[in-house]
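**Q** Here's a structure for you.
In UniProt numbering, the protein residues as written are 1 to 172.
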């Protein structure tokens, strides 16, 4: 297994707007480079895109948009609230041409802003809503939602749940 992580440091960035460029970079530049330089299984069913928070949001988008490349998506603590209407429209408009296995998880105490009291419910309800939408969309989509009581929006929570993703996506 090859894992990649990107860290942007402490620089202040604007949010959103570059999803298409990022997706194209992953599919057209990064993945071909990895496949050329490492022993990989090229078939889509062995290729997973995964991320947490905004990374979970874009990972689901990439899995839907590039079904010929990725057969699986790991969607950890997705920040659906950020682009709820756009993601819903994407799911509705995208024809499902091949099986997609989606692992999605969420904690009941997720927040990326501790000053907002309702934020954990925003994360939780978004995950439930999109899990339902994916299940209703097409029988070729297999989507499991794991809800972890009291889990927070953090790398340690995602690391703890990572084995559950591997088990669901690859131990069928």
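The C-beta atom is built at its ideal place from N, Cα and C for all residues, glycine as well. Bear in mind the structure is a predicted one, so any value in this text is a computation, not a measurement.
What are the partner residues of residue 154, as DSSP defines its beta bridges?
**A** None, per the DSSP bridge assignment.
**Q** With a threshold of 8 Å on Cβ separation, who are the neighbours of residue 42 within its own chain once the five nearest residues in sequence on each side are excluded?
**A** Taken in chain order, the residues that qualify are 35.
**Q** If residue 108 and residue 149 are in contact, beta carbons under 8 Å, what's the gap, nearest whole angstrom?
**A** Rounded, the Cβ-Cβ distance is 5 Å, consistent with contact.
**Q** In angstroms with no decimal places, state the Cα-to-Cα distance between residue 47 and residue 89.
**A** Each residue's Cα considered, the two are about 25 Å apart.
**Q** Across the stretch 101-115 and the stretch 138-153, are there enough close Cβ pairs to call them in contact, namely three or more that are closer than 8 Å?
**A** They touch, by the three-pair rule.
**Q** Would you give the residue range spanned by the alpha helix (DSSP H) that residue 109 belongs to?
**A** That residue, residue 109, is in no alpha helix (DSSP H); it is neither H nor E in DSSP.
**Q** Check whether the stretch 84-101 touches the stretch 112-119, counting contact only when three or more Cβ pairs, one atom from each stretch, lie closer than 8 Å.
**A** Verdict: no, contact absent.
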